[in-house]
Amino acid sequence: MNNASGLFIRNIYSGHHDRISVTTVFNRISQAAEKRSGLHDSIYVSLLITGLREYIDSLNEKDAETLTLYAEYRGIHTDDEHYFQAREAENKYREALSCDRI
Numbered sequence: 001m002n003n004a005s006g007l008f009i010r011n012i013y014s015g016h017h018d019r020i021s022v023t024t025v026f027n028r029i030s031q032a033a034e035k036r037s038g039l040h041d042s043i044y045v046s047l048l049i050t051g052l053r054e055y056i057d058s059l060n061e062k063d064a065e066t067l068t069l070y071a072e073y074r075g076i077h078t079d080d081e082h083y084f085q086a087r088e089a090e091n092k093y094r095e096a097l098s099c100d101r102i
């Protein structure tokens, strides 16, 4: 992954079969997760994995593998086990936040 900037995948938001840098896709999903997480790590990770999985689901097998491997290179695993762990951590954190507000 040393030359990740040279890896391109399908831009799922383009109707013209455009390609987009895997780094750009990861960074955009990460930025969206940051904005929605309120700087809470467990919420951020859950939103990031969810966003990546949604994007991956829209790709062909080769592009999906490219984005998955890039995410792993960045320390984020999108498999079911990590997804469910992240969702559980997010839910527990949100529950704790709710209890603190009462």
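Numbered according to the numbering used here, the sequence shown terminates at residue 102, and the numbering increases by one at each position without gaps.
We put the CB at the ideal spot given by N, CA and C, even for glycine.
Discussion item. Once the 5 residues before and after D63 are set aside, which same chain residues still bring their CB inside 8 Å of it?
Written reply: Locating residue 63 in the sequence shown gives position 63, where the first residue counts as 1. Excluding residues within five positions, the ones whose Cβ falls inside 8 Å are I9 and R10.
Worksheet item: My guess is that E90 and S42 are in contact by the Cβ rule of under 8 Å, so how many angstroms apart are they, rounded?
Response: The residue labelled residue 90 in the question sits at position 90 within the sequence shown. The residue labelled residue 42 in the question sits at position 42 within the sequence shown. Going by Cβ atoms, the distance from E90 to S42 rounds to 5 Å, so yes, they are a contact pair.
Discussion item. Could you pull the DSSP bridge partners for R19 from this structure?
Written reply: Locating residue 19 in the sequence shown gives position 19, where the first residue counts as 1. Beta-bridge pairing links R19 to R10.
Fill in: Which of helix, strand or coil DSSP assigns to T24
Counting from one through the sequence shown, the residue named residue 24 turns up at place 24. Helix.
Worksheet entry | Through-space distance from E34 to E61, alpha-carbon basis | For the purposes of this step, residue 61 is taken as the residue at position 61 of the sequence shown. For the purposes of this step, residue 34 is taken as the residue at position 34 of the sequence shown. C-alpha separation (whole angstroms): 27 Å.
Worksheet item: Hey, out of T68, G15, E88 and S37, whose CA is closest to F26's CA?
Response: Position 26 of the sequence shown, counted from the start, is the residue given in the question as residue 26. Measuring from the Cα of F26, the nearest candidate turns out to be T68.
Discussion item. Assuming D41 is part of the alpha helix (DSSP H), what are its boundary residues?
Written reply: Here residue 41 refers to the residue found at position 41 when the sequence shown is read from its first residue. Element bounds for D41: D41 to D57.
Discussion item. By the three-class DSSP mapping on this structure, what secondary structure does I29 have?
Written reply: Here residue 29 refers to the residue found at position 29 of the sequence shown. In the structure shown, I29 sits in a helix (DSSP, three-state: H, G or I).
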